[in-house]
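Chemist: Residue numbers (the numbering used here): 11 to 487. Don't be surprised by glycine CBs; every beta carbon is placed ideally from N, CA and C.
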Amino acid sequence: MIKHFGIQKRLVGSYFIVIFITVFILEVLLITAVRYYYVHNVERILANQAEISASFFHHYFADENIVEQSERLLKGFAENTTAQVQIIDSRGMLLQDSSEGSYKLLTRLQFPDLEKAQNGEAGVWKGRDPLTNELVMAVSYPLQAKQTTVGVVRFITSLTETMATIRYITTMLISVGLIVIVIVAGLGIVLSRMITSSIRDLKLAADRMAEGDFTVRAKKRYADELGTLADTLNTMAVKITRNEQLKNDFISSVSHEIRTPLTSIKGWVVTLKPENTKCQQLLTEGLDIIESETDRLTQLVDELLDLSKLDNGRIELTRAPVHLSVLLSHISAQLAPRAARLGILLEVKADQNQEMILADENRLKQVLINLLDNSLKFTEAEGHIQIYTHSSLEQVVITIEDSGVGIDPQDIDHVLNKFYKGSHKRAGSGLGLSICAEIIKLHQGELLIDSVPGHGTKVHIYLPRSNSKNFNDFITF
Ligand SMILES: Nc1ncnc2c1ncn2[C@@H]1O[C@H](COP(=O)(O)OP(=O)(O)O)[C@@H](O)[C@H]1O
Ligand SMILES: [Mg+2]
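1) So, with DSSP's three-state summary, where would you put S108?
2) Would you be able to state if there are at least three C-beta pairs under 8 Å between the segment 129–148 and the segment 169–176?
3) To the nearest angstrom, report how far apart N58 and T32 are at their CA atoms.
4) Compute the minimum distance between the beta carbon of L443 and the heavy atoms of ligand 2, and state whether it is under 7 Å.
5) Can you name the residues that DSSP bridges to L441?
6) For K435, verify whether its CB is less than 7 Å away from any heavy atom of ligand 1.
7) To the nearest angstrom, how far is the alpha carbon of V77 from that of G111?
8) Kindly list the residues whose CB is nearer than 7 Å to the CB of K375, restricted to its own chain and excluding five residues on each side of it in sequence; keep chain order.
9) Three or more beta-carbon pairs under 8 Å between the segment 431–441 and the segment 393–401, yes or no?
10) Count the CB pairs spanning the segment 113–122 and the segment 185–194 that are closer than 8 Å, and state whether there are at least three.
11) Please give me, in chain order, every unbroken run of the alpha helix (DSSP H) with length at least 4 that falls completely inside the segment 11–71.
12) Helix, strand or coil: which one does DSSP assign to T486?
13) Suppose the cutoff is 6 Å on Cβ atoms and the five residues either side in sequence are ignored; what does the same chain contact list for D99 look like?
14) In this structure, does DSSP put V194 in helix, strand or coil?
15) Quick one: give me the first and last residue of the beta strand (DSSP E) that F165 is part of.
16) How long is the line joining the alpha carbons of L473 and L443, rounded to whole angstroms?
17) Relative to the C-alpha of T409, which candidate in E303, L83, L327, K468 has its C-alpha closest?
18) Could you give the first and the last residue of the continuous beta strand (DSSP E) run that contains P463?
19) By the three-class DSSP mapping on this structure, what secondary structure does A215 have?
20) Work out the CA separation of R227 and A216 for me, nearest whole Å.
21) Sorry if obvious, but does the Cβ on D383 come closer than 7 Å to a heavy atom of ligand 2?
22) Compute the beta-carbon to beta-carbon distance between V358 and C446, rounded to the nearest angstrom, for a pair I have assumed lies under 8 Å.
23) Between the Cα of H453 and the Cα atoms of L345, F388, I325, V38, which residue gives the shortest distance?
24) Just mark Y151 as buried or exposed, buried being the case when its beta carbon has 16 or more other beta carbons within 10 Å.
25) What are the complete beta strand (DSSP E) segments, minimum 3 residues, inside the segment 386–456?
26) Just tell me which of I55, L256, R101, L83 has its CA closest to the CA of T92.
27) Can you tell me whether DSSP reads H470 as helix, strand or coil?
28) Are at least three pairs of beta-carbons, each pair with one atom in the segment 66–81 and one in the segment 40–52, less than 8 Å apart?
29) In whole angstroms, what separates the C-alpha of Q154 from that of E131?
30) Taking one C-beta from the segment 384–398 and one from the segment 411–422 each time, how about it: are there three or more such pairs within less than 8 Å?
31) Does the pairing of the segment 259–270 with the segment 232–248 give three or more beta-carbon distances under 8 Å?
32) In whole angstroms, what separates the C-alpha of R203 from that of Q18?
33) Only counting runs of 4 or more residues, tell me where the alpha helix (DSSP H) segments fall wholly within the segment 270–328, in order along the chain.
34) Looking only at its chain, what residues have a beta carbon closer than 7 Å to the beta carbon of N244, apart from the 5 residues adjacent to it on each side?
35) Less than 6 Å between C-beta atoms, sequence neighbours within five positions excluded: which residues of the same chain meet that for T486?
36) Could you pull the DSSP bridge partners for P152 from this structure?
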């Protein structure tokens, strides 16, 4: 399922969650550490004093009666401390207390720390004092004489102030955390708005393009990935516009090419209607023209089909070893009658021992016939046409040379374009050479034209000598 959240919300959201979790963890750690540090400090001081007191008792009062000496002991113990000090006998009866407003003497006390000390171990307790309901900490130490616990010394201090300090620091820490979160979230919103505004611009432009308006251009805000994307989108729009233009030109050229023979056919058909066909000669002439115009249309349609296949990359070459000199003599034999009729000398000079090349024989034949057709069309009677080959290690060159009218220098760069046909009256549709060039390109070769107006034209077909490994595979196969 696709969730509909804007990119900005997602960016800010994830940003915020990360920051929030980080700040939260840090705060918890810091606050715990502060609490531990302060409370532990109080406990350490109390335990220190209690321990000194207990050891003092052990050294100097171990043989004395604790009840009788309790007053003197309290004075000694309470001398260097601000804490409340209690001396308790081994059954838990309060013997002395440094604080007056506290329990009455000889009350029986019961606290967890006290119980532990009665059993001979140091005890610590943190809790609310039952009398004052104040938060206190108490540390009890056993007073020992000859391995027996004869009493307990208890140091008690209020934690109110410590807690207030801790609360103060905690509040500070939380406030700083909140401020950090607010600043970072604000920055996140600003940053993500910078990104999303670029994306929004791109989307607007892309939407317009999707509706067919290729005059819009995406705005490039920054030279980042989105900026590159804007460039790409704009280049695409330019290319599509250009292609659209090419397509329109193509359609108008095709229409024009079809219209000319159709007009001529229509004209003759009207002329040849029964009421006009008294003259046998006129009838033959008309039908001949209709026949040749129909042929022209058929050829045009064939060429258009080839072009569309070449453009879509739908023509697949079926390459096989081709014996070049055999192919050339076939073709020249095929065209010899036409050349003879036109009074043109057609010669093939191909090396009989030449190696074979790897090519699509039918397509290669199509190219050669097209080129020879041009030469025959643009060469006057008594002219000559030669076909010869020349091979090197890397490539085979087939040259078709004629002594025809040649091509004007200003035309030579364009004759490979579709529908370009110079200014000859014998010109056809102007598709032949562009189809030839495409087919040679499919063979990874190149078609080059070299012409001197009034003297003749040379068309060179460069075909790469096939990668010998592949080729040998073919032969041995
Ligand atoms: N051998 C040639 N001698 C002189 N001009 C040529 C020759 N081959 C091609 N051309 C020129 O190039 C144009 C394009 O050739 P092509 O694409 O085969 O079209 P088409 O043969 O239908 O006219 C021709 O119309 C002609 O003007
Ligand atoms: Mg041609």
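Modeler: Working from what's here:
1) Coil.
2) The segment 169–176 vs the segment 129–148: in contact.
3) Distance between the alpha carbons of N58 and T32: 38 Å.
4) L443 Cβ: within cutoff of ligand 2.
5) Answer is none; L441 lacks a bridge partner.
6) No, the beta carbon of K435 sits no closer than 7 Å to any heavy atom of ligand 1.
7) Computed Cα separation, rounded: 21 Å.
8) Counting only Cβ-Cβ distances below 7 Å, and skipping sequence neighbours, we find L337, I341.
9) They do not touch, by the three-pair rule.
10) Taking one beta carbon from each stretch, the segment 113–122 and the segment 185–194 have fewer than 3 pairs nearer than 8 Å; the two do not touch.
11) 17–70, all fully within the segment 11–71.
12) Residue placement at T486 is flagged as unreliable, the pLDDT there being 46, under the threshold of 50; a coordinate-derived value is accordingly withheld.
13) Cβ within range, chain order: L105, G161.
14) Three-state result, V194: helix.
15) Residues 158–168.
16) The alpha-carbon atoms of L473 and L443 are separated by roughly 16 Å.
17) Closest by C-alpha distance to T409, out of E303, L83, L327, K468, is K468.
18) Here P463 belongs to no beta strand (DSSP E), and DSSP marks it neither H nor E.
19) Here A215 sits in helix by DSSP.
20) Answer to the nearest angstrom: the Cα atoms are 9 Å apart.
21) Yes, since a heavy atom of ligand 2 falls inside the 7 Å radius drawn around the Cβ of D383.
22) Going by Cβ atoms, the distance from V358 to C446 rounds to 19 Å, so no, they are not a contact pair.
23) If we check each option's Cα against that of H453, I325 comes out closest.
24) Burial call: buried.
25) Entirely contained in the segment 386–456, the beta strand (DSSP E) runs reaching 3 residues are, in chain order, 394–401, 405–412.
26) Of the listed residues, the one whose Cα sits closest to T92 is I55.
27) Correct three-state label for H470: strand.
28) Touching, no, given that fewer than three Cβ pairs across the two stretches are closer than 8 Å.
29) Taking the straight line joining both Cα atoms gives about 11 Å.
30) Three or more Cβ pairs closer than 8 Å define a contact, and the segment 384–398 meets that threshold against the segment 411–422.
31) Contact annotation: the segment 259–270 does not touch the segment 232–248, with fewer than three C-beta pairs closer than 8 Å.
32) Going by the C-alpha atoms only, they are around 7 Å apart.
33) Along the segment 270–328, the alpha helix (DSSP H) occurs as fully enclosed runs of 4 or more residues at 290–321, listed in sequence order.
34) The residues are R227, A228.
35) Since pLDDT at T486 reaches only 46, below the 50 mark, its modelled position is unreliable, and no value is offered.
36) V162.
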